[in-house]
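Okay, so the sequence shown: first residue is 32 according to mature numbering (1 follows the signal peptide of the UniProt record, and there is no 0), each after it adds one. By construction, the Cβ of each residue, glycine as well, lies at the ideal position given by its N, Cα and C atoms. First up is the structure itself, then whatever we jot down about it.
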Amino acid sequence: QDYCNPQGQIKDTCCDYRSVEDIQQDIFEKIQSLVKTKFFRFYKLNLWRECPFWNDDGLCMNRDCSVETTDEASLPEEWRQPALSAVQISPKGSLFQPFQTCQYKDQDFCLIEDESDADGVYVDLTENPERFTGYAGTSSGRVWKAIYEENCFNIVDKMTEGCETCNNVMHVGPKVDDQIRSNNPLKAAESIAEATQGNFVKVPEDEEKFDRLLNDLAENPDGGFGNSEEVCLEKRVYYRLISGLHSSISIHICDEYFDQATGKWGPNLDCFVNRIGSHPERLQNIYFTYALVVRAVTKLGNYLEDYNFCTGESEDDKSIKSGVLDLINNARACPATFDETTMFQGPDARSLKLEFRDHFRNVSRIMDCVGCEKCRLWGKIQTTGLGTALKVLFSYGENNLNPKRNPGLLERSEIVALFNTLNRLSESLQAIKKFRQLYHERTEHH
Ligand code: FAD
32 QDYCNPQGQI
42 KDTCCDYRSV
52 EDIQQDIFEK
62 IQSLVKTKFF
72 RFYKLNLWRE
82 CPFWNDDGLC
92 MNRDCSVETT
102 DEASLPEEWR
112 QPALSAVQIS
122 PKGSLFQPFQ
132 TCQYKDQDFC
142 LIEDESDADG
152 VYVDLTENPE
162 RFTGYAGTSS
172 GRVWKAIYEE
182 NCFNIVDKMT
192 EGCETCNNVM
202 HVGPKVDDQI
212 RSNNPLKAAE
222 SIAEATQGNF
232 VKVPEDEEKF
242 DRLLNDLAEN
252 PDGGFGNSEE
262 VCLEKRVYYR
272 LISGLHSSIS
282 IHICDEYFDQ
292 ATGKWGPNLD
302 CFVNRIGSHP
312 ERLQNIYFTY
322 ALVVRAVTKL
332 GNYLEDYNFC
342 TGESEDDKSI
352 KSGVLDLINN
362 ARACPATFDE
372 TTMFQGPDAR
382 SLKLEFRDHF
392 RNVSRIMDCV
402 GCEKCRLWGK
412 IQTTGLGTAL
422 KVLFSYGENN
432 LNPKRNPGLL
442 ERSEIVALFN
452 TLNRLSESLQ
462 AIKKFRQLYH
472 ERTEHH
């Protein structure tokens, strides 16, 4: 089986593998050099918020888990703490949007880092690459599990479709447990809805069931949902997006793997084959996530043409802008990699969209539970990047995406996160190419 060489259409996108790889060919070098520029390299975030869902397992103490922070003094004055706080109280503040306080705006799909947060630190992303850290076991397993659990969109839906992963928020009593056990999901759903006055609830923990489902998810080419026509597009998209992110993180781990026997960093083909290559749907999902993010970036073309990159040096601003626009023009080769207008069209469109948004926001909060600083950093950046892509695709029409008419639609951190996420995905696609080659060499050798 030619594991690493998928062909044909990428499900739920408007593209086949070939055209995505053509785009990748055109933009890889461009995105690589953009993320090294001053605007895209520095990201401010609070790395030490408490995990809101369970008691922390404690942080990974490996050297490779830790993050190097950057002294603000080396950054443009506008980005430093006093300037950012001043902006908040200045009467002109509301006109100067890039650094405004970031709470949730209605349109946001994730918790956006507040650049004026005194507990936040700047990180130079080029000095903290996402790669193998050794973070694994119960802690990371629990985080992934919680993230996939967010894929259940409401209780009735969940119970009737047999999605059994949502199980840890509220225990509503033995009556419901019995109904669930006796396989009467509709009755159970009714009781839960009654007990909570219609609020979203989840059923008691069941590790074994969860593990079974996770296995199904991994093995089933339809993304673990059985008959794909029973599952609405929005849920598939949610699942594919998360699974694609998971694949991308795994690929980075395998591509920059620390071999304890030799003490060297390098690609580990077995790691890739085990985690990704032998699961075609995981491979497909990373192409899916890439296609969706590329579409969001190209949709932002006009917005970024008028955006002030504000690095403190106008020559730099100009060259960053021209790099961004050049990348976008090249990414347009395939007319629209993803068609967002097909989503949220049914009778429940509005509530589904709100649920979709709330679940994605929860994923960004779950990132505070990642027990390894470096993994947390990249987890947060990439969920913000994906959240920004979703916001661009689903919250605004192309006409509203104009920084002059509609300033402050996007924070600096959202733009930085979006492009860095594209870069991680792009590096993953590049690594897939490398692993394909290594795989062929190995099979020829045998
Ligand atoms: P895991 O990757 O933990 O996967 C758990 C289960 O999910 C698997 O058993 C499988 O059933 C299912 N699964 C796996 N992949 C997919 C997929 N693509 N789609 C659907 N289902 C899937 N480690 C590092 O070394 N460096 C990092 O930078 C890093 N960043 C991380 C960031 C986050 C947000 C998290 C939660 C973890 C991170 N980790 C990182 C840990 C890493 O992701 C793994 O959890 C760890 O390497 C253990 O891997 P595993 O083989 O046990 O399976």
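Run through DSSP, which three-state label would residue i get?
i, result
"Tyr321", "helix"
"Phe425", "helix"
"Asp47", "strand"
"Lys295", "strand"
"Thr329", "helix"
"Val401", "coil"
"Asp155", "strand"
"Gln40", "strand"
"Asp290", "strand"
"Phe73", "strand"
"Thr342", "coil"
"Thr415", "helix"
"Thr368", "coil"
"Thr100", "strand"
"Phe59", "helix"
"Asn454", "helix"
"His471", "helix"
"Asp348", "helix"
"Cys263", "coil"
"Cys82", "coil"
"Leu441", "coil"
"Tyr166", "coil"
Compute the Euclidean distance between the alpha carbons of residue i and residue j, then round it to the nearest angstrom.
i, j, result
"Arg111", "Tyr334", "25 Å"
"Cys82", "Ser281", "23 Å"
"residue 481", "His283", "Nothing can be reported for residue 481: it is not among the residues displayed for the chain, which extend from 32 to 477."
"Glu161", "Pro434", "31 Å"
"Gln461", "Phe303", "13 Å"
"Cys400", "His477", "44 Å"
"Glu346", "Asn361", "23 Å"
"Gln38", "Gln55", "16 Å"
"Lys189", "Thr320", "Caution applies to Lys189, whose pLDDT of 46 falls short of 50 and renders its modelled position unreliable; the value that the coordinates give is listed next. Their Cα atoms are separated by approximately 24 Å."
"Ile359", "Gln413", "19 Å"
"Cys96", "Phe289", "13 Å"
"Arg49", "Asn305", "24 Å"
Is the closest heavy atom of the ligand FAD to the C-beta of residue i under 7 Å?
i, result
"Cys285", "no"
"His390", "no"
"His277", "yes"
"Thr320", "no"
"Lys384", "no"
"Thr164", "yes"
"Met398", "yes"
"Trp296", "no"
"Ser444", "no"
"Asn316", "yes"
"Ser147", "no"
"Arg455", "no"
"Ala167", "yes"
Which residue's Cα is closest to the Cα of residue i: the options?
i, options, result
"Phe140", "Gly418, Cys341, Arg436 and Arg271", "Gly418"
"Tyr179", "Asp53, Met92, Ser395 and Arg306", "Ser395"
"Leu76", "Gln461, Glu445 and Phe466", "Glu445"
"Trp175", "Ser382, Gly89 and Tyr270", "Tyr270"
"Thr373", "Gly439, Phe59, Thr100 and Cys45", "Cys45"
"Glu442", "Cys341, Arg455 and Leu358", "Cys341"
"Ala167", "Met92, Ile41, Ser147 and Ile143", "Met92"
"Leu385", "Val154, Trp296, Leu90 and Phe425", "Phe425"
"His310", "Gly275, Trp296, Thr293 and Asn299", "Gly275"
"Leu314", "Ser459, Ala177, Tyr153 and Phe387", "Ser459"
"Arg94", "Phe163, Glu312, Cys285 and Ala380", "Phe163"
"Lys405", "Leu78, Leu272 and Tyr338", "Leu78"
"Gly354", "Gly439, Gly332 and Thr368", "Gly332"
"Phe369", "Phe387, Lys349 and Leu323", "Leu323"
"Arg436", "Leu469, Asp57, Pro378 and Asp337", "Asp337"
"Leu90", "Gly165, Ile273 and Ser64", "Gly165"
Count the other CB atoms, across all protein chains shown, that sit within 10 Å of the CB of residue i; report buried if there are 16 or more and exposed otherwise.
i, result
"Trp409", "buried"
"Glu475", "exposed"
"Asp43", "buried"
"His390", "buried"
"Lys422", "buried"
"Thr157", "exposed"
"Ser171", "buried"
"Asn431", "exposed"
"His471", "exposed"
"Asn451", "buried"
"Gln376", "exposed"
Please find out if some non-hydrogen atom of the ligand MN comes closer than 7 Å to the beta-carbon of residue i.
i, result
"Gly172", "Ligands displayed in this structure: the ligand FAD; the ligand MN is not among them."
Can you confirm whether residue i, when its beta carbon is compared against all beta carbons of chain C, has any partner nearer than 8 Å?
i, result
"His283", "The structure shown contains no chain C; it is built from a single protein chain."
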